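All remarks here apply to the structure that follows.
Protein chains: 2
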Amino acid sequence: MNAETDASAGPWARRARSELSPETLDQLDAWWRTANYLSVGQIYLLDNPLLRTPLTRDHIKPRLLGHWGTTPGLNFVYAHLNRAIRERGLNTIYIAGPGHGGPGMVANAYLDGTYTEIYNTIDRTEDGLRRLFRQFSFPGGIPSHAAPETPGSIHEGGELGYSLSHAYGAAFDNPGLLVAAVVGDGEAETGPLATAWHSNKFLDPAQDGVVLPILHLNGYKIANPTVLARIPEEELFELMRGYGYTPYLVSGGFDGEDPRAVHERMAATLDDILDRIADIKAAAADGTLDGRPAWPMLILRTPKGWTCPKEIDGHPAENNWRAHQVPLPDARDTEAHTHLLQEWLESYRPDELFGDDGAPVPLATALAPDGERRMSANPVANGGLLRKDLRLPDFRDYAVEVPSPGGSDSEATKVLGEWLRDVIRDNPHNFRIFGPDETASNRLSAVFEATDKQWNAEFWPIDSDNHLARAGRVLEVLSEHQCQGWLEGYLLTGRHGIINSYEAFVHIVDSMFNQHAKWLKTSRRIPWRVPIASLNYLLSSHVWRQDHNGASHQDPGFIDHVVNKKADVVRVYLPFDANTLLSTYDHCLRSVDYVNVVVAGKQLAPNWLTMDQAVEHCTRGIGLFDWAGTEVEGEEPDVVLAAAGDIPTLEVLAAASILRERVPSLRVRVVNVVDLMRLQSEDVHPHGLSDREYDAIFTTDKPVIFAYHGYPWLIHRLTYHRAGHDNLHVRGYKEEGTTTTPFDMVMLNDLDRYHLVIDVLDRVPGLGAREGAFRQEMQDARQRARAYTRERGEDIPEVAEWSWSGEKGAVRSDDTGGDNA
Amino acid sequence: MNAETDASAGPWARRARSELSPETLDQLDAWWRTANYLSVGQIYLLDNPLLRTPLTRDHIKPRLLGHWGTTPGLNFVYAHLNRAIRERGLNTIYIAGPGHGGPGMVANAYLDGTYTEIYNTIDRTEDGLRRLFRQFSFPGGIPSHAAPETPGSIHEGGELGYSLSHAYGAAFDNPGLLVAAVVGDGEAETGPLATAWHSNKFLDPAQDGVVLPILHLNGYKIANPTVLARIPEEELFELMRGYGYTPYLVSGGFDGEDPRAVHERMAATLDDILDRIADIKAAAADGTLDGRPAWPMLILRTPKGWTCPKEIDGHPAENNWRAHQVPLPDARDTEAHTHLLQEWLESYRPDELFGDDGAPVPLATALAPDGERRMSANPVANGGLLRKDLRLPDFRDYAVEVPSPGGSDSEATKVLGEWLRDVIRDNPHNFRIFGPDETASNRLSAVFEATDKQWNAEFWPIDSDNHLARAGRVLEVLSEHQCQGWLEGYLLTGRHGIINSYEAFVHIVDSMFNQHAKWLKTSRRIPWRVPIASLNYLLSSHVWRQDHNGASHQDPGFIDHVVNKKADVVRVYLPFDANTLLSTYDHCLRSVDYVNVVVAGKQLAPNWLTMDQAVEHCTRGIGLFDWAGTEVEGEEPDVVLAAAGDIPTLEVLAAASILRERVPSLRVRVVNVVDLMRLQSEDVHPHGLSDREYDAIFTTDKPVIFAYHGYPWLIHRLTYHRAGHDNLHVRGYKEEGTTTTPFDMVMLNDLDRYHLVIDVLDRVPGLGAREGAFRQEMQDARQRARAYTRERGEDIPEVAEWSWSGEKGAVRSDDTGGDNA
């Protein structure tokens, strides 16, 4: 090392500049060649990992899987980052954005020793190499992506588009961390990636870490050139400057250029970049930074599949889309190709890189940083190691008074906001709230008593900039993709957080949820992965209160989407008032390795349970509202009225109240479900009720009228094995809705109280015929309510017009309506 | 009009430049003031639409809904486009990207006369105005977005992010069309919008139309400033130049600037832009265009809520996020606010704008173009009017030979590709294929015999640019959002197309599908909306053949997502071989107003039906494979083996074959479902079987073992009302999978032939006990198969190892395995 680090300034210190020493250049090149050799070996070889004998068909895997194209570039960056980490003492993680970067990331982790520490049979022997190669993309082995199995990875690169969002999520609240994020030029075409560049308007240079985006232009996707590789370089520079970065370019390896020359340019450019970063961090630290800095980013242009055969069967391979996957697909099938593979492997001069024992020689591993400075071993990338439990204020202290069922009104999410405010206060460095410009709309504004919205674009000296600040616990950008990606990155590096969204538009991140759920499922099966905090959704502005925004805002299907994933990672809760929401969310913020979906209302609505009752109810997840039913002890009910969700609960209680007054002899049981997974069988979901418990609640033979928040068939799908299923009748959202009033919404979908009463009359044997006049009265009440709301554009003002009352807990109307947010 | 149009050059002609005449300026300002007045009226007024008497509480809507913030900007652009259309004879449609732009778009359609032509009670009288105002965001009325109800709209603006993609989709193959796309600065933060700017690399200046993006910077979202409004102007210019555009700026209306000055700048700038467009189009027409042009785009910076009260209750309103929705929420509640609303409305000087009869005066409507040149009346925006049936080659001519069931192998999508090639050949201007870089991977490469991939970034003179051309029928970009958005825009303007995608990653557009399905559902109920071509998905590279790519690529849940939407717009097909795929797709390309989801395999796999059989089977959508079963005429079967999907069909047929040989006395019925919606009840879905038909196929009391392509519970959700449901046992994908072999995938999920046989043995009463040894043999076969595949990394090479054969249609193994794409 020929430059001195100013140790007193820490890893961000600027360094005295000098030429790259020949020794370091040798080390860079040796690391890179070794990583490339190991990558090719993984893709092709079953045996003979060090080419101790001439390569034959039997040494080659029968199915050749994997992606060579991106790998030499990933390895190149890895080697150079290692040098910088060693010289500057950087604390760095590496995000491999391009798809199928697995072989490279595994090769580098093997080279720096981490891989063997974790998987001890993959050791530094010839047999270890054989195992390393064989397991790749092999049944029972490891995937072709930088998956949970890959040390140092927080990003899979299976579905593309989220590398930069993950990188920024990792950088928040990690002021000493450098996140190197390699963005593939294919990936760069995705929408989520295209907006993720703007994350720099949200990063605080003082209290957050640094993201170094490395746009890897290797020119091709699966079968096409990439857009960003096919625009003039100056246009690409303008794009990056327009995104707010200072672009640096390293281009090389074309037309047979000696890689050593490219190493020299890369090392010099990386030093320039890191010095520039050091300047920014220093200015941020001493308060002299003037506004948002133009952080450096690197454009690395190298041939696709760099160092593979230039030509195969007369077609170009290197620097062509043909190098995207397996450039020699017939390596096993023809002698010529087997020979070509041998030549390709030998081009890395493995005899210089591995000793007789099969271990990489010291030159090949010289650039490995020490211990946890190795990017593969950095605990940040196994975030559970760093996760600290949140200091949670006692949610019971935030309870709302409920003198009687329905005896007070609250905006549930607003009450939750008060608790979240104090969660923020007590956890100033490891808890964040993410949302697509809806945190206030979702009524969480109390949090702004404790924090601000983090923002690093321009500030204007006007009141609209209230609660905007360079550092804050809330991050808002109008991109669900960004919010989700940031949160995932934040959680995967050991912190906690929630995302709040309108219920309908959370579908925008359906596929991101899929990938995170799959990551969690796999991580849970990997012993060295330590549990991370759960990903918590707070979905408000839900389907029943989007009457004012119309059909485009009405969709409760995210729950359906979520429950398709493995039962051991997904949880769905439907708290129906302020106290049940508090209790639910306290539980969620304590949990690990789950995705918790919580749907809750934000409008003023009745409270039904005291905090003690709420805790008991939420602990069970399902239970009877005996105060609302008309059961007689020791007798089975005539009918069960069940609800899940705040509006269904309101309507079921209203229906129960009507029945109590008008058909007092009817034995009605009222059931409420907060934890939706309780409905599933216990052998399907860990929260599932046993059949005995289920039958005790729902009976095996009585009609069950179930009012559900979402699509009604989901309840059938969860319960089809239950004994009483044939008697189950579910009401829910059936895709009817427009711009109208809240009560019209429930009527359009037959979920309203009157319809529920009619359902009971029609399903309890003989009752409908006996109560014909009453049934007609309910029909008329529906029509009157509908006419009222349609003529006046108002919600139903007082329930007294269609009055009812009961001895216990009189039910009042929800006359608060929707609002306009 | 003070400038002459060169009529011979058509609408794209450059115009002699001159000052805006005072007369035209008056017309612009009058149109704009009238549109603003009509917009405010819609948001607030129930009655007294022309302020004939002082405004009182009773004139104001009880619930104030809608979004003022974006509206004056939309109206401003509309007025100026009208001038340009009239002066140049442009053929233009208007896309309102910002959310909740409904009142403005409706106001303009009313002003140009279209609204009254379509909705004749909303006429040009005071009563018509009253109705116009009242219906907005009112029960039974119209939504707050530019919804299907809005004349001239092909874009709702409920969920944000797709305006530019829709615009480019509309422009493809419409060489004479100018699509003016207003992009909100909130919307611009979304991922899909951020990548949609790059659509210019795919537009052909000669054969496609022109998109003019108008980035409307009004500074605020719901509760936050927008990113693009808070970066330096030069940075924003660089971003737009980096995206490949020539940015123009119009900024005005701040600090009380006279709008007339802004009109003058806007008119001059728009003329500059249109002249620049004319130059590009002329160069493209005469072949002198050098590469991709830097198309103009406009940055329009105006105050949010421009012209509303400057201040309300001491808080700024205009130019503030407070103007986002309803700036005077208490207009009905306090006299002061009622008065303020009156002042606001009067600020537009309605007495100058409306006559005594309530009709707008000639000055106010002078800029309305004629007839179909009105943007609200342009048939392009009611695309069904222009839709022409495709000239479809007879799909039977593309049939593969099937000498016996399983007697030949095909790659189903490859065969489809041959037919699609000729669909393209016969429909060179109104059919396109969109895909995220997967068209070749999905085996549709035959289409490149007839066309190219349209591309307008750089071409390199190398072989990797094969099939790239400035004009072509295939559009590929690595963004499912872009593909879907382009296709939607293309269909909504009267053309035909398909999107092909990997099955797992189509979840990326879940939410876009939602919005399109909702659009279709609503459009079908609107008499003047003419049916458009169906949106056709071709999902290949499906869950069972993503063994090589691993868990991140395995997800069959899009079907679950789709079937939550209205039955009258969604169709799901699972053709299981080449001939059934051909028959299915011919049906899809003939249909209108649906979303057709077709899941099909791309790997070499057995063909089961001749074309005649396939047509008959697909016409029914469900049917018996009597050649595979062992039924005896006149007797009920002992068990039903049902399949939906290609891999389930293969495994079911293999299981049936094993049973035929090993338990010849067992009466097995084999059922196959191509049209998944046949399973639903006829009262739920128009394709649903009657209970009688369903029972005739599945029996009411015999065990049914159903092997399904996707998540097994979906089959339960579709059939829970059927009589035989309790005897239904479904196997499918239960989220188990990794990087392995194809056969290991089915084993991991218990869908393999051996497990299906065991399921039969266990479910036919007494059979399992009787056939204990055979059952054990099947268990052993599973273990052997698993061990084989895991040890060798190969799929099972020959079924003969676990041999079976039948008299009719011997079933061979699927030994083709997955491939590497």
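Chains as they are written, first to last, in this note's numbering: chain P, 1 to 821; chain Y, 1 to 821.
The C-beta atom is built at its ideal place from N, Cα and C for all residues, glycine as well.
All of these numbers come straight from a predicted model, not from anything done at the bench.
CA-to-CA distance, residue j to residue i, given in whole angstroms
i                    : j                 : result
glutamine 27(P)      : leucine 228(P)    : 32 Å
asparagine 442(Y)    : isoleucine 222(P) : 11 Å
serine 701(Y)        : glycine 732(P)    : The question names serine, yet the displayed sequence has aspartate at residue 701(Y). So the alpha carbons of these two residues sit roughly 30 Å apart.
serine 541(P)        : threonine 226(Y)  : 22 Å
phenylalanine 505(Y) : histidine 481(Y)  : 11 Å
glutamate 401(P)     : aspartate 463(P)  : 35 Å
valine 474(Y)        : arginine 421(Y)   : 11 Å
leucine 45(P)        : tyrosine 119(P)   : 19 Å
alanine 642(Y)       : proline 303(P)    : 50 Å
arginine 15(Y)       : aspartate 275(Y)  : 7 Å
valine 597(Y)        : glutamate 616(P)  : 45 Å
phenylalanine 459(P) : tyrosine 348(Y)   : 33 Å
Where residue i meets chain P, residues with beta-carbon distance less than 9 Å
i                : result
glutamate 189(Y) : Thr195, His198, Pro436, Asp437, Val477, Leu478, Ser479 and Gln482
Chain Y contact residues for residue i, given Cβ-Cβ distances below 8 Å
i                 : result
aspartate 204(P)  : Simply none; closest approach about 16 Å.
methionine 240(P) : Gly242
Contact set between residue i and chain P, taken where Cβ atoms lie within less than 8 Å
i                : result
glutamate 503(Y) : None at all; the shortest Cβ gap to chain P is about 12 Å.
serine 441(Y)    : Ile222 and Ala223
Residue-chain proximity (residue i, chain P), Cβ-Cβ < 8 Å
i                 : result
leucine 340(Y)    : no
methionine 747(Y) : no
tyrosine 248(Y)   : no
glutamate 159(Y)  : yes
valine 227(Y)     : yes
leucine 328(Y)    : no
leucine 20(Y)     : no
alanine 153(Y)    : Per the sequence presented here, residue 153(Y) reads as serine, with alanine not at that position. Chain P, which has no Cβ nearer than 8 Å to the Cβ of serine 153(Y), makes this no.
DSSP beta-bridge partners of residue i
i                    : result
methionine 266(Y)    : Bridge partners of methionine 266(Y): none, in fact.
phenylalanine 434(Y) : Leu475(Y) and Ile499(Y)
glutamine 454(P)     : Ala469(P)
Contact list for residue i against chain Y, beta-carbon separation under 7 Å
i                : result
glutamine 515(P) : Ser552
glycine 101(P)   : Chain Y residues near glycine 101(P): none, gap ~13 Å exceeds 7 Å.
Under 7 Å from the C-beta of residue i: neighbouring residues of chain P
i               : result
glycine 793(Y)  : Lys61, Pro62, Arg63, Phe138 and Pro139
tyrosine 518(Y) : Looking at the sequence shown, residue 518(Y) is not tyrosine but lysine. Per Cβ cutoff of 7 Å: Ala551 and Ser552.
Cutoff 8 Å: residue i Cβ touching any chain Y Cβ
i                 : result
asparagine 224(P) : yes
aspartate 560(P)  : yes
histidine 315(P)  : yes
serine 541(P)     : no
isoleucine 508(P) : yes
Item to check | In chain order, each beta strand (DSSP E) run of at least 3 residues that lies wholly inside the segment 217-275 of chain Y | outcome: As far as the segment 217-275 of chain Y is concerned, its whole beta strand (DSSP E) runs of at least 3 residues are 246-251.
Next on the checklist: Suppose only complete runs of 3+ residues qualify. What are the beta strand (DSSP E) ranges in the segment 277-350 of chain Y, listed by chain order?
Outcome noted: The qualifying runs are 296-301.
Next on the checklist: My parser needs the alpha helix (DSSP H) runs of 4 or more residues fully inside the segment 505-538 of chain Y; what are they?
Outcome noted: 510-524
Item to check | Runs of alpha helix (DSSP H) lying entirely within the segment 100-136 of chain Y, each at least 4 residues, in chain order | outcome: If we require 4 residues or more, the alpha helix (DSSP H) runs fully inside the segment 100-136 of chain Y come out as 102-111, 114-118 and 126-135.
Checklist entry - Which ranges would you report for the alpha helix (DSSP H) in the segment 45-94 of chain P if only whole runs of at least 4 residues count? => result Correct list: 71-88.
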